[in-house]
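Asker: Residue numbers (our numbering): 188 to 247. Virtual Cβ for every residue (Gly too), placed ideally from N, Cα, C.
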Amino acid sequence: MPVLIEIFNFAAIETLLVGIPESAGLLVFGIGLVLTAVLIRRLLGRSSQPKTEEKLGKKV
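Okay, here's the thing in structure tokens:
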């Protein structure tokens, strides 16, 4: 029975997506692609930053 519900949900989503024009779909896809690239850049940028402060020339 749960499989039948999933099939109905998939069919409903597919019906909604068919009504969207191709240009709008490409626009949404492009925006999603740009946002994904920005998020990846931010994640990679954080890992390359030094985690400790450098104290050159200072004696503690």
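If you measure between the beta carbons of G217 and L204, is that distance less than 9 Å?
Answerer: Here residue 217 refers to the residue found at position 30 when the sequence shown is read from its first residue. Here residue 204 refers to the residue found at position 17 when the sequence shown is read from its first residue. Cβ distance not < 9 Å, so G217 and L204 don't count as in contact.
Asker: Using only the alpha-carbon positions, how far apart do L222 and A198 sit?
Answerer: As a working mapping, residue 222 is identified with position 35 in the sequence shown. As a working mapping, residue 198 is identified with position 11 in the sequence shown. Taking the straight line from one Cα to the other gives about 28 Å.
Asker: Mind checking which residues open and close the alpha helix (DSSP H) that includes I200?
Answerer: As a position in the sequence shown, residue 200 is number 13, starting the count at 1. Unbroken alpha helix (DSSP H) run through I200: 189-205.
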